[in-house]
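J.:
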Amino acid sequence: MKHLIAAAATALIWAPALQAQAWETIETFGGAWASDWGEVWVMPRAAGYQGTYEEDNGRFTLDYDGHVFVGYWAEDMSGQRCDVPLMGSYYWGRLELGNSSTYPGFRMLWGYCNQGPLDKVWTFYERLPDGL
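Residues -22 to -1, 1 to 110 (mature numbering (1 follows the signal peptide of the UniProt record, and there is no 0)) make up the sequence shown, in order.
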């Protein structure tokens, strides 16, 4: 019984600390991030997010569709040229934002143009100091 009481007391002491380490959520996506495409700056907007990243003057928009955040990315150059321009570029594709399996990041599934599956992964590793 003494061990049970000690275990319960320890759990109560550490519970707030464990909660503080909770995964990032989609609602806290805004700010600066390190990603496998370089640094990313994300700003909330009315229905979602917009952002920029270092790779080829990259930019993106995301809107909540009732289930997930979906949107588009565009760059000045990329691996595939699309038939029609979007966001001022012929180099663009679709995005879908989701939680990452590694704390504390996010991942975006992406593809080229408006075709095919979103079978590529853009990983956001950690939040950077950004003053937000």
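Don't be surprised by glycine CBs; every beta carbon is placed ideally from N, CA and C. Small disclaimer: the values here were computed from a predicted structure and weren't measured.
#1: Can you tell me which of the three DSSP states E33 falls into?
#2: Ends of the beta strand (DSSP E) at M55?
#3: When you compare only the Cα positions, how much space is there between A24 and F7?
#4: Within its chain, find whatever has a CB closer than 7 angstroms to the CB of T3; leave out the 5 residues flanking it on each side and keep chain order.
#5: Helix, strand or coil, according to DSSP, for V20 in the structure here?
#6: Quick test of your reading: F47 and G26, contact by CB under 8 angstroms. State the CB separation rounded to the nearest angstrom.
#7: Among all the DSSP beta bridges, which residues are the ones paired with A12?
#8: Return the CA-CA distance between M55 and M65, expressed in angstroms with no decimal places.
T.: Looking at the atomic coordinates:
#1: Counting from one through the sequence shown, the residue named residue 33 turns up at place 55. DSSP, read as helix, strand or coil, puts E33 in helix.
#2: On the sequence shown, residue 55 is found 77 positions in, with the first residue counted as 1. From DSSP, M55 is part of no beta strand (DSSP E); its letter is neither H nor E.
#3: Translated into positions along the sequence shown, residue 24 becomes position 46. Translated into positions along the sequence shown, residue 7 becomes position 29. So the alpha carbons of these two residues sit roughly 14 angstroms apart.
#4: The sequence position of residue 3 within the sequence shown is 25, counting from 1. At T3, the pLDDT of 47 sits below 50, so the modelled position is not reliable; the number obtained from the coordinates is stated separately. Counting only Cβ-Cβ distances below 7 angstroms, and skipping sequence neighbours, we find nothing.
#5: For the purposes of this step, residue 20 is taken as the residue at position 42 of the sequence shown. Of the three classes helix, strand and coil, the one that applies to V20 here is strand, per DSSP.
#6: Here residue 47 refers to the residue found at position 69 when the sequence shown is read from its first residue. Here residue 26 refers to the residue found at position 48 when the sequence shown is read from its first residue. Contact check for F47 and G26: beta-carbon distance about 6 angstroms, within the 8 angstroms limit, so the pair qualifies.
#7: In the sequence shown, residue 12 corresponds to position 34, counting from 1. A12 is bridged to E17 and E104.
#8: On the sequence shown, position 77 is the one that residue 55 refers to. On the sequence shown, position 87 is the one that residue 65 refers to. Cα to Cα, the separation comes out at about 13 angstroms.
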